[in-house]
Amino acid sequence: QTVHGLANFQAFRNNSVCVRFDDRTVIRLYQNNESAEILTRDGHSQKVLVDKPYGFERHIQVAIEYYDHVFRSNQEKLAQTVHHEVTNDIVERELNRIRGFLSL
Numbered sequence: 050q051t052v053h054g055l056a057n058f059q060a061f062r063n064n065s066v067c068v069r070f071d072d073r074t075v076i077r078l079y080q081n082n083e084s085a086e087i088l089t090r091d092g093h094s095q096k097v098l099v100d101k102p103y104g105f106e107r108h109i110q111v112a113i114e115y116y117d118h119v120f121r122s123n124q125e126k127l128a129q130t131v132h133h134e135v136t137n138d139i140v141e142r143e144l145n146r147i148r149g150f151l152s153l
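Heads up: the sequence shown runs through residues 50 to 153, numbered per the working numbering.
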């Protein structure tokens, strides 16, 4: 699967994904989602922790989103969507409260 201007995406039966970005960076993300193997655009191979992807934040986030899209069940996706909607509503109410306070 290819998203033009971003990357080529592949999912594997061992519950891993490989994302080849247009900037020539390659990310391999495995089932545990704790670490990722990265082949940088200049050919260096390194392993990074997913929660500390210094310099590869965007790449890792895209790989995680693709992994979740491919391997999460519909129930898990629905639960995450509901959680995001509730969180967004809370944030929006708080922002409105702050705006009201600032306009006094």
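A virtual CB, placed ideally from N, CA and C, is assigned to each residue, including glycine. All of these numbers come straight from a predicted model, not from anything done at the bench.
- Between H108 and I76, the CB-CB gap stays under 8 Å.
- Membership of F58 in any alpha helix (DSSP H) is not indicated; the residue belongs instead to the beta strand (DSSP E) covering A56 to F61.
- Going by DSSP, E106 is part of the alpha helix (DSSP H) stretching over E106 to F120.
- Taking every protein chain shown into account, the CB of A112 has 16 or more other CB atoms within 10 angstroms, so this residue is buried.
- Closest in C-alpha terms to S84, from the list Q95, R90, T74 and D91, comes Q95.
- Shown here, T51 sits in a strand according to DSSP, grouped into three states.
- Of the candidates T74, T51, Q124 and H118, T74 places its Cα closest to the Cα of E106.
- Ranked by Cα distance from T89, the first of D72, Y79 and V99 is D72.
- Taking C-beta separations shorter than 8 Å and ignoring five residues to either side along the sequence, the partners of Y103 in its chain run V97, following chain order.
- Following the DSSP letters along the chain, one finds Q80 in no alpha helix (DSSP H), marked with neither H nor E.
- Partner residues in the beta bridge of S65, as assigned by DSSP, are F61.
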